[in-house]
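Colleague: Before I ask anything, let me first share the structure, which is written out below as structure tokens.
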Amino acid sequence: MNIQLTISLLASDRPDTLKKCLDSLSPFLKKLNSELIVVFTGKEQETLEIIRQYTSHIIPFTWCDDFSAARNAGLNEASGEWFLYIDDDEWFEDPGEIIQFFQGGEYRHYRSAFYVVRNYTDWSGKKYADAHVGRMCCLTPETRFVNRIHEFLQPFSEPEKMFRSFVHHYGYAEKEDVRGNASKFDRNIPLLLKQYKEHPNTQNCMQLVQEYQSVDEFDTAVRYCRQGLKLGEKDVRIGACELWMQVRLPILLSSSGHPEEALKEGERLLMHPRTLEVGQAHLHAISANLCWELKEYQKGLSHVRRYHEKMRYLEKHPDKADRQHGATVTYESAKKRAVSAYVAGLLFVSETDEWHRIKEILSWMPWDQEDQVSPQYGNLEKWKWSHPQQKETILEGYSALRTGNPYVTLQKALWAEDKHLSAEAEDYYRLCISDCPEGFLYQLAELAARNKFSLEPLLEEITIETWDECTKVLAEHTKTSDMPGFLENLRPGMQRYPICIWRLEQRFLEKILLKQAMGMPELAEPLKQYCDSVAAEAETLYRSELLNEPDHYALPYQYKFTSAIKTVLEHLEKENYQACIPLLEKAVRVFPEMSSVIGKLSNHIEEKLQTPQPVSEEFELLGRQVKQMLYGLIEHEQWQEA
9 MNIQLTISLL
19 ASDRPDTLKK
29 CLDSLSPFLK
39 KLNSELIVVF
49 TGKEQETLEI
59 IRQYTSHIIP
69 FTWCDDFSAA
79 RNAGLNEASG
89 EWFLYIDDDE
99 WFEDPGEIIQ
109 FFQGGEYRHY
119 RSAFYVVRNY
129 TDWSGKKYAD
139 AHVGRMCCLT
149 PETRFVNRIH
159 EFLQPFSEPE
169 KMFRSFVHHY
179 GYAEKEDVRG
189 NASKFDRNIP
199 LLLKQYKEHP
209 NTQNCMQLVQ
219 EYQSVDEFDT
229 AVRYCRQGLK
239 LGEKDVRIGA
249 CELWMQVRLP
259 ILLSSSGHPE
269 EALKEGERLL
279 MHPRTLEVGQ
289 AHLHAISANL
299 CWELKEYQKG
309 LSHVRRYHEK
319 MRYLEKHPDK
329 ADRQHGATVT
339 YESAKKRAVS
349 AYVAGLLFVS
359 ETDEWHRIKE
369 ILSWMPWDQE
379 DQVSPQYGNL
389 EKWKWSHPQQ
399 KETILEGYSA
409 LRTGNPYVTL
419 QKALWAEDKH
429 LSAEAEDYYR
439 LCISDCPEGF
449 LYQLAELAAR
459 NKFSLEPLLE
469 EITIETWDEC
479 TKVLAEHTKT
489 SDMPGFLENL
499 RPGMQRYPIC
509 IWRLEQRFLE
519 KILLKQAMGM
529 PELAEPLKQY
539 CDSVAAEAET
549 LYRSELLNEP
559 DHYALPYQYK
569 FTSAIKTVLE
579 HLEKENYQAC
589 IPLLEKAVRV
599 FPEMSSVIGK
609 LSNHIEEKLQ
619 TPQPVSEEFE
629 LLGRQVKQML
639 YGLIEHEQWQ
649 EA
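The numbering used here numbers the first residue of the sequence shown as 9 and each following residue consecutively.
Following this line, the structure appears as structure tokens:
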């Protein structure tokens, strides 16, 4: 039986990723007439033992600083109709699409194929760039690997199949490490320069650009990028490397501190007959961002519109979208530029006073791609609040959108509130509850307070820790004069969550105590309310025998503070001033952020004592403690508390 597919793996001594790689190749070996060849450049017996669990076809290879030689060692023994190669620090997420390509016979209609390498730039796996790589082809007697470094297959014939199947690759995660970059650069650059001297082509120019860019030598990278584009023009066919360098050139110029030249080159390339639609989409998005930097707002708006037009064209011509690719420059990566481009479009609209375009640009945003849109919520909020006179127009734009995006739903609730559509606002409010964007919980609480909506459905969905964070933001955003009304509007809709009421009340009272210029006796009333609120919460959560020991380690610092302050207030009523001093010392130790309040109490006590003698040692000690706490807050940059 003919072998459909030969898989060739270049393996060194990386047992951790090697196991993942081999496991991901197992479905090919089980479901297809296929073979696995491992070219082994390592030395460890442990690595060989792992490989032998998957294949007996192992080719020992002594490393000679030539990747093509190593790859060709595996290629020379391949007997499949097709050939696929992979590295031992990569592994397929799901090879099902490629397996079906062979099982269904589709492979007979193609000569080569690309799969995706997902290159992670951090170890969390959240930051990555996808690149289509040509690593599969129909085997012919002429098929060979070329280039000592950054090797590739030749010939690589059309028609080409583009797969969405991807392999994970963390080899670039050390990109954040400058020393790691420099080490790779020192290893790679002599080989690449020699290779370029022997074969001055677009492939080698592209690799040189990537290397110099990796160590921030942007001027040199620009030089090779320009040279690569000149070499590319000699070819009839517009290749992947040329496409990549067309998009990279303005980025490099901008990185080297020349945004004007970057915009000029980007616009020149947009007019160039060799720039394909995918490249044009990228260049329009890049140019839009450069226009914002250069304050060319009208031109920037034009680039945003042209970007949108190119993307719609490619959407209607998927064959072109698939064929036009160059490493990380693809239709898919052009789509990922949409959010930043359209946010820039909204900024341009506000600068050019073309507010009638708001609805249109908002409708272009890929709202259903929340992982891409959510990082821009902060910028969208800043933009909205920077133009209060256009609030109605902006909210009107959101109200027309047909999407379940939670941020948009919140804007629709605000729009309905603005239009006095209370029932509609409450419906949107309830939709937001189950899927509130991170950082916007406080806006839902504010909406509920203004309209007397019940907060209980929201409190059912969140933890007390989340509510605590929300109360801090609410305290920052609410004027002290509005706090009593805010609380009264929310209380009826929070009856089943008394702890949440107390927590919000405490944050409000803390702001009143710390921010308002109050002395005694005005300070006494909010202090008493604060003590009562903390005590009420503690009595709900803790046994009475524990509360009778206010210094117990298990009790929260707020309770320890208020138990001392409550006693101080009692002593003040009885004019027992001397007894207050040790209690204030204790209070400042357990809750240093309240040192300004304690300072006001101590000043009041000092005035009441009305003694002509020097201040007592106890007061001097208390004063030093308050100052020490103050210095500590300043040292840790806790400016508000200080």
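Just so it is clear, CB atoms sit at the ideal spot from N, CA and C, and this is done for glycine as well.
Bear in mind the structure is a predicted one, so any value in this text is a computation, not a measurement.
#1: If we ignore side chains and look at the alpha-carbon of each, how far apart do Arg580 and Cys588 end up?
#2: Go through its chain and collect everything with a Cβ distance to Gln524's Cβ below 7 angstroms, but skip five positions before and after it.
#3: Would you kindly work out how many angstroms separate the C-alpha atoms of Gln4 and Thr474, rounded to a whole number?
#4: How would you write the range of the alpha helix (DSSP H) that Cys539 sits in, first residue to last?
#5: Sort Gly104, Arg256 and Tyr178 by Cα distance to Thr129 and report the nearest one.
#6: In chain order, what residues of the same chain lie with their CB nearer than 6 angstroms to the CB of Met528, ignoring the 5 residues before and after it?
#7: Does the stretch 166-177 come close enough to the stretch 117-129 that 3 or more CB-CB pairs lie under 8 angstroms?
#8: How is the alpha helix (DSSP H) around Arg515 delimited, first residue to last?
#9: For the beta strand (DSSP E) that contains Asn41, what are its first and last residues?
#10: How would you write the range of the beta strand (DSSP E) that Asp435 sits in, first residue to last?
#11: Excluding five sequence neighbours on each side, which residues of the same chain lie with their C-beta closer than 8 angstroms to the C-beta of Ile59?
#12: Classify Val186: buried if its beta carbon has 16 or more other beta carbons within 10 angstroms, exposed otherwise.
#13: Taking 8 angstroms as the cut-off, does the stretch 142-149 touch the stretch 162-170 (at least 3 CB pairs, one atom from each stretch)?
#14: Buried or exposed: which applies to Gly240, given that a residue is buried once 16 or more other Cβ atoms fall within 10 Å of its Cβ?
#15: By DSSP, does Asp330 sit in helix, in strand, or in coil?
#16: With 16 as the cutoff for other CB atoms within 10 Å, does Val651 come out buried or exposed?
#17: Are the Cβ atoms of Val312 and Val347 separated by less than 7 angstroms?
#18: Over the uninterrupted beta strand (DSSP E) stretch that includes Glu681, give me the two end residues.
#19: For Trp71, count the other beta carbons within 10 Å of its own beta carbon; 16 or more makes it buried, fewer makes it exposed. Which is it?
#20: Looking at the unbroken beta strand (DSSP E) that takes in Tyr115, where does it start and where does it end?
#21: With respect to the beta strand (DSSP E) encompassing Val154, which residues constitute its N-terminal and C-terminal limits?
#22: In the DSSP output, what is Val141 paired with across the bridge?
#23: To the nearest angstrom, how far is it from the Cα of Arg22 to the Cα of Gly386?
#24: Do you know whose CA, among Val230, Leu277, Asn196 and Leu284, lies nearest Ser264's CA?
#25: Report back the beta-carbon spacing between Leu237 and Glu225 to the nearest angstrom; my notes put them in contact at under 8 angstroms.
#26: Let me make sure I understand the geometry here. Which of Pro68, Tyr180, Thr338 and Leu278 has the alpha-carbon closest to that of Ser132?
#27: Would you give the residue range spanned by the beta strand (DSSP E) that Trp375 belongs to?
#28: Per DSSP, Lys635 forms a beta bridge with which residues?
#29: Could you spell out where the beta strand (DSSP E) holding Trp99 opens and where it closes?
#30: Using 7 angstroms as the threshold, is the C-beta distance between Ser442 and Trp423 below it?
#31: Among Ala296, Met373, Phe356 and His290, whose alpha-carbon lies nearest the alpha-carbon of Lys339?
#32: Around the Cβ of Arg551, are there at least 16 other Cβ atoms within 10 angstroms (buried) or fewer (exposed)?
#33: Is Val223 helix, strand or coil by DSSP?
#34: Let me check understanding here. Comparing Cα to Cα, which of Asn497, Trp375 and Asp379 lies closest to Lys134?
#35: Taking C-alpha atoms, which residue in Gln451, Leu439, Leu512 and Ala483 lies nearest to Ile472?
Modeller: Put simply:
#1: Here residue 580 refers to the residue found at position 572 of the sequence shown. Here residue 588 refers to the residue found at position 580 of the sequence shown. In the sequence as displayed, the identity of residue 580 is Leu instead of Arg. Roughly 8 angstroms between the two C-alpha positions.
#2: By one-based count along the sequence shown, residue 524 stands at place 516. Within the same chain, and ignoring the five residues on either side of Gln524 in sequence, the residues whose Cβ sits closer than 7 angstroms to its Cβ are Thr488.
#3: For residue 4 there is no data in the structure shown, the boundaries of the chain being 9 and 650.
#4: The residue given as residue 539 occupies position 531 in the sequence shown. Where Cys539 is concerned, the enclosing alpha helix (DSSP H) starts and stops at Ala532 to Leu549.
#5: Counted from its first residue, the sequence shown places residue 129 at position 121. Taking only the C-alpha atoms, the option nearest Thr129 is Tyr178.
#6: Taking the sequence shown and counting its residues from 1, the one referred to as residue 528 is at position 520. Here the set comprises His612.
#7: Touching, yes.
#8: Counted from its first residue, the sequence shown places residue 515 at position 507. If you look at Arg515, you'll find it in the alpha helix (DSSP H) that goes Pro506 to Lys523.
#9: As a position in the sequence shown, residue 41 is number 33, starting the count at 1. From DSSP, Asn41 is part of no beta strand (DSSP E); its letter is neither H nor E.
#10: On the sequence shown, residue 435 is found 427 positions in, with the first residue counted as 1. Taken as a continuous stretch (DSSP letters only), Asp435 belongs to no beta strand (DSSP E), being part of the alpha helix (DSSP H) at Ser430 to Ile441.
#11: By one-based count along the sequence shown, residue 59 stands at place 51. So the list reads Ala19, Leu26, Leu30, Val46, Phe48 and Ile66, once near-sequence residues are dropped.
#12: For the purposes of this step, residue 186 is identified with residue 178 of the sequence shown, where counting begins at 1. A caution first: Val186 carries a pLDDT of 49, below 50, which makes its placement in the model unreliable, though a value can still be read off. Exposed.
#13: With contact defined as three or more Cβ pairs closer than 8 angstroms, the stretch 162-170 and the stretch 142-149 are in contact.
#14: Mapped onto the sequence shown, residue 240 falls at position 232. Residue burial is scored here from C-beta neighbours: Gly240 has at least 16 other C-beta atoms within 10 angstroms and is therefore classed as buried.
#15: The residue given as residue 330 occupies position 322 in the sequence shown. Residue state, collapsed to three classes: helix.
#16: Residue 651 cannot be examined here, being either before or after the span of the chain that is shown, 9 to 650.
#17: One-based indexing of the sequence shown puts residue 312 at position 304. One-based indexing of the sequence shown puts residue 347 at position 339. No; because the gap between Cβ atoms is not below 7 angstroms, this pair is not in contact.
#18: Only positions 9 to 650 of the chain appear in this structure, which leaves residue 681 out of reach.
#19: In the sequence shown, counting from the first residue as 1, residue 71 sits at position 63. Burial call: exposed.
#20: Counting from 1 along the sequence shown, the entry for residue 115 is found at position 107. For Tyr115, there is no enclosing beta strand (DSSP E), as DSSP marks it with neither H nor E.
#21: Looking up residue 154 in the sequence shown gives position 146. First-last of the beta strand (DSSP E) with Val154: Arg152 to Val154.
#22: Taking the sequence shown and counting its residues from 1, one reaches residue 141 at position 133. Its beta-bridge partners are Tyr123.
#23: Sequence index remark: in the sequence shown, residue 22 carries index 14 (1-based). Sequence index remark: in the sequence shown, residue 386 carries index 378 (1-based). If you draw a straight line from the Cα of Arg22 to the Cα of Gly386, it comes to about 42 angstroms.
#24: By 1-based counting over the sequence shown, the position of residue 264 is 256. Among Val230, Leu277, Asn196 and Leu284, the Cα nearest to that of Ser264 belongs to Val230.
#25: To locate residue 237, count along the sequence shown from 1; it is residue 229. To locate residue 225, count along the sequence shown from 1; it is residue 217. Between Leu237 and Glu225, the beta carbon gap of about 18 angstroms keeps them out of contact (Cβ cut-off 8 angstroms).
#26: If you number the sequence shown from 1, residue 132 lands on position 124. Measuring from the Cα of Ser132, the nearest candidate turns out to be Tyr180.
#27: Numbered from its first residue, the sequence shown carries residue 375 at position 367. Note, Trp375: premise wrong, no beta strand (DSSP E); not H, not E.
#28: Counting from one through the sequence shown, the residue named residue 635 turns up at place 627. Per DSSP, none; premise fails for Lys635.
#29: As a working mapping, residue 99 is identified with position 91 in the sequence shown. Run containing Trp99: Glu98 to Phe100, per the beta strand (DSSP E) assignment.
#30: Against the sequence shown, residue 442 aligns to sequence position 434. Against the sequence shown, residue 423 aligns to sequence position 415. The answer is no: Cβ separation not under 7 angstroms.
#31: Within the sequence shown, the letter at position 331 stands for residue 339. Correcting the residue identity first, residue 339 is Tyr in this sequence and not Lys. Ranking Ala296, Met373, Phe356 and His290 by CA distance to the CA of Tyr339 puts His290 first.
#32: Taking the sequence shown and counting its residues from 1, one reaches residue 551 at position 543. With fewer than 16 Cβ atoms within 10 Å of its Cβ, Arg551 is classed as exposed.
#33: Here the question's residue 223 lines up with position 215 in the sequence shown. In this structure, DSSP gives Val223 a state outside helix and strand, which the three-state scheme calls coil.
#34: For the purposes of this step, residue 134 is taken as the residue at position 126 of the sequence shown. Among Asn497, Trp375 and Asp379, the Cα nearest to that of Lys134 belongs to Asp379.
#35: For the purposes of this step, residue 472 is taken as the residue at position 464 of the sequence shown. Comparing Cα positions, the closest option is Leu512.
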